[in-house]
Amino acid sequence: MIIPSPKGIVPKIHEKAFVAPNATIIGDVEIGEGSNIWFGAVIRGDFAPIRIGKNTSIQDNVTIHCEPGTNPAIIGDNVIAGHNCMIHGPCKIGNKITIGINATVLPHTEIGDGCVVGANAVVTERTVIEPLTLAVGGGVSAQPKKKYTEKQISRMSLGAQLYAQNGKKFKQMFEKEKV
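Taking my numbering, I'd label the letters of the sequence shown as residues 923 to 1101.
Put into structure tokens, the structure is as follows:
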């Protein structure tokens, strides 16, 4: 499903790219020649731009999104984003990279050309992975580390408020289409 952003920005998909019928591509997204977006993938360019190069495979159930009002998520040429990956920009993912199944790429990261990010790995915020590097690590069990203050919890709830506002915009947009 191809959906414009609430601002009316429509995804740009190269005519030689493949997009599965139940993939969802929203807003300021550009997809290059020969790239393929597989079943259940969600690419949300509603908060910031997303750029995907040539011959890149965004596999089943991958989610790509950015923090509001930030730089784009840039994914280069000949990249494989394995099944169930989460890529949360802004980030820069170079060329000829494999991101393993269920890996997570967090904001403000950079992955150099020719890298492999292992399955279940988490590329933590502000990490730079040098070209031609294997990066692995994940599967860590959640362990309680600290308690939050009410003020910190209030700040965290701003994200939920932002999504509520964004949800209202999309709801209005879809209701207009039904008329």
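Ideal placement from N, C-alpha and C gives every residue a C-beta, glycine not left out. Quantities reported herein were computed from a predicted structural model and do not represent experimental measurements.
Residue of the options minimising C-alpha distance to residue i
i	options	result
Cys1007	Gly1040, Arg973, Pro994, Ile996	Gly1040
Ile1015	Ile1023, Val1045, Asn1024	Val1045
Glu1116	Ile959, Asn1000, Gly949	Any answer about residue 1116 is impossible in this case: the structure gives the chain only from 923 up to 1101.
Lys1018	Pro1012, Leu1056, Ile947	Leu1056
His987	Val1001, Lys1069, Pro1012	Pro1012
Asn1024	Asp1035, Glu1052, Gly1060, Val1001	Gly1060
Thr946	Asp982, Arg1077, Gln1074	Asp982
Asn1088	Arg1077, Phe969, Met923, His1010	Phe969
Glu1047	Gly954, His1010, Tyr1070, Gly975	His1010
Nearest-angstrom Cβ-Cβ length linking residue i and residue j, presumed shorter than 8 Å
i	j	result
Gly967	Pro933	7 Å
Thr978	Asp999	6 Å
Lys1091	Pro928	4 Å
Beta-carbon proximity of residue i to residue j, cut-off 9 Å
i	j	result
Gly1004	Thr1020	yes
Glu952	Pro971	yes
Ile997	Ile980	yes
Gly1022	Val1038	yes
Val1050	Gly1034	yes
Residue i Cβ short of 8 Å to the ligand NAD heavy atom set
i	result
Leu1056	The ligand content of the structure shown is nil, which means the ligand NAD is not present either.
- Query: Of all the alpha helix (DSSP H) runs that stay within the bounds of the segment 1013-1072, which reach a length of 4 or more residues?
  - Reply: none
- Pair every Cβ in the segment 960-974 with every Cβ in the segment 930-948, then say whether three or more of these pairs are closer than 8 Å. yes
- Indicate whether the contact test is met: 3 or more Cβ pairs, each with one atom in the segment 991-1001 and one in the segment 1011-1031, closer than 8 Å. yes
- Hey, which unbroken runs of the alpha helix (DSSP H) at 4 residues or more fall wholly within the segment 968-1022? none
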